[in-house]
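Numbering (numbering that gives the first Met the number 0), first residue to last: 0 to 393. For glycine and all other residues, C-beta sits at the position ideal for the given N, C-alpha and C. Since this is a predicted model, take the numbers as computed values, not measurements. Following: one structure in structure tokens, then a few remarks.
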Amino acid sequence: MAQQQQHWDAIILGAGAAGLMAALTAGQRGRRVLVVDHNDEPGRKILISGGGRCNFTNIHTAPDRFLSANPHFAKSALSRYTPQDFLQLVEAHGIAWHEKTLGQLFCDGSAKQIVAMLMDDCERGGVQFAFGAAAAEVSHADGQFVVRLGGVTHRAPSLVIATGGPAIPKIGATAFAYELARQFGLKVVQPRPALVPFTLGEGEALFRSLSGVAVPVVVRCGKTQFREAALFTHKGLSGPAMLQISSYWTHGEAIHVDFLPDMDRGWLMDAKRAAPRAALRSVLARSLPERLADALAERLALPGELGAMSDAKLRAAEERLARWPFTPSGTEGFAKAEVTAGGIATAGLSSQTMAARHLPGLYAVGEAVDVTGWLGGYNFQWAWASGHAAGTAI
Ligand code: FDA
Numbered sequence: 000m001a002q003q004q005q006h007w008d009a010i011i012l013g014a015g016a017a018g019l020m021a022a023l024t025a026g027q028r029g030r031r032v033l034v035v036d037h038n039d040e041p042g043r044k045i046l047i048s049g050g051g052r053c054n055f056t057n058i059h060t061a062p063d064r065f066l067s068a069n070p071h072f073a074k075s076a077l078s079r080y081t082p083q084d085f086l087q088l089v090e091a092h093g094i095a096w097h098e099k100t101l102g103q104l105f106c107d108g109s110a111k112q113i114v115a116m117l118m119d120d121c122e123r124g125g126v127q128f129a130f131g132a133a134a135a136e137v138s139h140a141d142g143q144f145v146v147r148l149g150g151v152t153h154r155a156p157s158l159v160i161a162t163g164g165p166a167i168p169k170i171g172a173t174a175f176a177y178e179l180a181r182q183f184g185l186k187v188v189q190p191r192p193a194l195v196p197f198t199l200g201e202g203e204a205l206f207r208s209l210s211g212v213a214v215p216v217v218v219r220c221g222k223t224q225f226r227e228a229a230l231f232t233h234k235g236l237s238g239p240a241m242l243q244i245s246s247y248w249t250h251g252e253a254i255h256v257d258f259l260p261d262m263d264r265g266w267l268m269d270a271k272r273a274a275p276r277a278a279l280r281s282v283l284a285r286s287l288p289e290r291l292a293d294a295l296a297e298r299l300a301l302p303g304e305l306g307a308m309s310d311a312k313l314r315a316a317e318e319r320l321a322r323w324p325f326t327p328s329g330t331e332g333f334a335k336a337e338v339t340a341g342g343i344a345t346a347g348l349s350s351q352t353m354a355a356r357h358l359p360g361l362y363a364v365g366e367a368v369d370v371t372g373w374l375g376g377y378n379f380q381w382a383w384a385s386g387h388a389a390g391t392a393i
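Given below as structure tokens:
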């Protein structure tokens, strides 16, 4: 029996943030668009994002908040579709929002509103969907991309890879984007888990016993630093500060934590003069959670009264508290990562349109591409901006 044929202007693989933005943009320009997703509903990651409220953008979006082998690549798309553009869309759909902290914008209600908004706009653009359909067989011949789904052969001159990265496979995330990219001659920068908790080895068992303790810190790795909360977990270190720095960390490297970033130099000597009979542990407990103060004092191994300690010893303790080294044994991996760093190499793509340079009609957008944002709404902004760039071009 002959296969049924369907013709489109564009086939978009992946009904996530970037794919839906590309689809609604192209659809509203009059393009006939098919979106294919193996999940049976769109935007699974949007739905679980931001604790169910979707941190949909960050008003401080700037290219230096994104990691990529080419730090300039994201500039063009980010400047042509800004957080204000997305906010206009959110407001046009009557979705109430608020700024939580550090420029992070969240829905007042639910992330479901963002998915409904994107789907409404897709509908206005006449976009068609094939859910529950793994895009396993994709080929290209005579200027047409061919995607076979069940008994139907879909053809289009444009194909958009928007299947994201492999972070959180249990909700349908896959590395399919990289397979497809390689099939069509694009290179892939080694994907790795990012915005991910660290694990600590046996040597750091004392800290693992602090599970549940949170504390504001400055964390540093190489030249990068973040000032946010750290959280001790039963496996290691998490919290926004650790998730942020994890994107910059490579295996074997140490990270350094300043547990008391607001203290002035010499504060321990001042404490000794003010209360010479106090113990280090109780001085630390004035500014830190008690369990952490205990653990740090135990590691610093300076028992007795402050007054009995030399200034040199106190200075060394102060320096250690400001640059406490941890060498993570690893991370909790793709199972717990919020995003994937690395991905389809930007060298093969146009930064204006996200089109492959060597194969007309092929595009890649969103997390599938080697552009990774900080925590706090930056990854969705990249998905919207890159999706919009491709949606305008197809
Ligand atoms: P996305 O993963 O959204 O979409 C890819 C789509 O492709 C999925 O629908 C998937 O089912 C489909 N797919 C995959 N393989 C396929 C195949 N072989 N065939 C067919 N379909 C396939 N970011 C942010 O800015 N603010 C936030 O609040 C959060 N919060 C957050 C929480 C959690 C728990 C996670 C895991 C992630 C976040 N993020 C985030 C990151 C954000 O969710 C992410 O960067 C974007 O969803 C990426 O959008 P994409 O469209 O590129 O991929």
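Cβ pair residue i, residue j closer than 9 Å
{"i": "residue 213", "j": "residue 225", "result": "no"}
{"i": "residue 389", "j": "residue 61", "result": "no"}
{"i": "residue 184", "j": "residue 347", "result": "yes"}
{"i": "residue 176", "j": "residue 343", "result": "yes"}
{"i": "residue 345", "j": "residue 193", "result": "no"}
{"i": "residue 95", "j": "residue 84", "result": "no"}
{"i": "residue 164", "j": "residue 190", "result": "yes"}
{"i": "residue 423", "j": "residue 287", "result": "There is simply no residue 423 to check, as the chain begins at 0 and stops at 393 in what is shown."}
{"i": "residue 19", "j": "residue 114", "result": "yes"}
{"i": "residue 284", "j": "residue 293", "result": "yes"}
{"i": "residue 325", "j": "residue 255", "result": "yes"}
{"i": "residue 15", "j": "residue 382", "result": "yes"}
{"i": "residue 38", "j": "residue 380", "result": "no"}
{"i": "residue 117", "j": "residue 42", "result": "yes"}
{"i": "residue 374", "j": "residue 242", "result": "yes"}
{"i": "residue 178", "j": "residue 220", "result": "no"}
{"i": "residue 385", "j": "residue 135", "result": "no"}
{"i": "residue 171", "j": "residue 109", "result": "no"}
Candidates the options: closest to residue i by CA position
{"i": "residue 88", "options": "131, 23, 338 and 202", "result": "23"}
{"i": "residue 290", "options": "230, 155 and 100", "result": "230"}
{"i": "residue 33", "options": "42, 99 and 127", "result": "127"}
{"i": "residue 315", "options": "298, 330 and 338", "result": "298"}
{"i": "residue 122", "options": "374, 26 and 219", "result": "26"}
{"i": "residue 337", "options": "5, 54, 35 and 19", "result": "54"}
{"i": "residue 370", "options": "311, 187, 277 and 227", "result": "187"}
{"i": "residue 202", "options": "193, 234 and 103", "result": "234"}
{"i": "residue 129", "options": "95, 380 and 40", "result": "40"}
{"i": "residue 349", "options": "339, 341 and 363", "result": "363"}
{"i": "residue 36", "options": "78, 90, 159 and 50", "result": "159"}
{"i": "residue 206", "options": "15, 65, 323 and 58", "result": "323"}
{"i": "residue 275", "options": "98, 10, 282 and 304", "result": "304"}
{"i": "residue 146", "options": "3, 319 and 262", "result": "3"}
{"i": "residue 357", "options": "180, 124, 76 and 72", "result": "180"}
{"i": "residue 166", "options": "391, 261 and 378", "result": "378"}
{"i": "residue 157", "options": "309, 76, 57 and 354", "result": "354"}
{"i": "residue 216", "options": "138, 64, 320 and 110", "result": "320"}
{"i": "residue 64", "options": "120, 376 and 391", "result": "376"}
{"i": "residue 67", "options": "232, 76 and 341", "result": "341"}
Start and end residues, alpha helix (DSSP H) containing residue i
{"i": "residue 206", "result": "204-207"}
{"i": "residue 13", "result": "Taken as a continuous stretch (DSSP letters only), residue 13 belongs to no alpha helix (DSSP H), as it is neither H nor E."}
{"i": "residue 54", "result": "Residue 54 -> not in any alpha helix (DSSP H); beta strand (DSSP E) instead, spanning 54-57."}
{"i": "residue 235", "result": "First-last for residue 235: 235-237, but that is the beta strand (DSSP E), not the alpha helix (DSSP H)."}
{"i": "residue 387", "result": "377-392"}
Cβ-based burial, residue i [other Cβ within 10 Å; buried from 16]
{"i": "residue 44", "result": "buried"}
{"i": "residue 368", "result": "buried"}
{"i": "residue 151", "result": "exposed"}
{"i": "residue 387", "result": "buried"}
{"i": "residue 153", "result": "buried"}
{"i": "residue 70", "result": "exposed"}
{"i": "residue 222", "result": "exposed"}
{"i": "residue 169", "result": "exposed"}
{"i": "residue 351", "result": "exposed"}
{"i": "residue 264", "result": "exposed"}
{"i": "residue 100", "result": "exposed"}
{"i": "residue 47", "result": "exposed"}
{"i": "residue 302", "result": "exposed"}
{"i": "residue 272", "result": "exposed"}
{"i": "residue 79", "result": "exposed"}
{"i": "residue 211", "result": "exposed"}
N- and C-terminal bounds of the beta strand (DSSP E) containing residue i
{"i": "residue 89", "result": "Element bounds for residue 89: not the beta strand (DSSP E) but the alpha helix (DSSP H), 82-91."}
{"i": "residue 213", "result": "213-220"}
{"i": "residue 397", "result": "With the chain covering 0 to 393 only, the question about residue 397 has no answer from this structure."}
{"i": "residue 45", "result": "Counting along the chain, residue 45 falls outside any beta strand (DSSP E), though it belongs to the alpha helix (DSSP H) covering 43-47."}
{"i": "residue 323", "result": "323-325"}
{"i": "residue 341", "result": "338-343"}
{"i": "residue 256", "result": "254-257"}
{"i": "residue 127", "result": "127-130"}
{"i": "residue 96", "result": "96-98"}
{"i": "residue 151", "result": "151-155"}
{"i": "residue 229", "result": "223-231"}
{"i": "residue 31", "result": "Counting along the chain, residue 31 falls outside any beta strand (DSSP E), and DSSP gives it neither H nor E."}
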